[in-house]
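To keep things clear, I will list the structure first and then write my remarks on it.
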Amino acid sequence: MKVGIISDTHGSYKQVAKSLLLHKVDVIIHLGDFSDDGRDIGKITQKPIYLVRGNNDYVVTDEPSELFINIGGIDFFITHGHKYNVYSGLTNLKFRAITAGAQVVLFGHTHVYFKEVTENILFLNPGSPSYPRFGDDKGYVIFDTENLKTKRIIMEED
């Protein structure tokens, strides 16, 4: 199963939706900051979508700030990351992931791509397809649950 993982769209989602369709993802995860974009992406792609709230999701929504889900037999812990102080490291996030038994941790907030395996847990931040920081490229990630591989998709400039 191909999982499209996006974060921090901040109102720019149409190009991402087109790219997700092109890459034939089966399910989408939006890690917050304009989770409304995630709903719109779900409508455009007609794919199931999981959403969490970020620190810039000001509108009162019913999205949780974190989710624990299983996709393709893999246990995911999904959060935006701001409540775990991810700018200062992964310690808080790692503790939560270990206590929850997560195999994959997905987070955003920094607008910078990050991938690391620590204590047999994959920590993955797809970066931002709209407003990357610190010289990062615009992008998102596709995670294949069958072969446990990730592919970073770099967005073309408008």
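Quick note: the sequence shown, position 37, residue 36 per numbering that gives the first Met the number 0, numbers continuous.
We treat Cβ as the ideally placed atom computed from N, Cα and C, and that holds for glycine.
These figures come from a predicted structure and were not determined experimentally.
Measure the C-alpha to C-alpha separation of residue 0 and residue 22 and round it to an integer number of angstroms.
12 Å
Whose C-alpha, out of 84, 61, 57, 50, is nearest the C-alpha of residue 68?
50
Going by C-alpha distance, which of 14, 25, 17, 11 is nearest residue 145?
Closest option to residue 145, Cα to Cα, is 25.
Which residue wins for smallest C-alpha separation from residue 54, given the options 131, 117, 108, 132?
108
Segment limits, alpha helix (DSSP H) that includes residue 17:
13 to 21
Reduced DSSP secondary structure (H/G/I, E/B, other) of residue 142:
strand
Hey, how far is the Cα of residue 132 from the Cα of residue 102?
One C-alpha to the other measures close to 27 Å.
What residue range does the alpha helix (DSSP H) around residue 91 cover?
90 to 99
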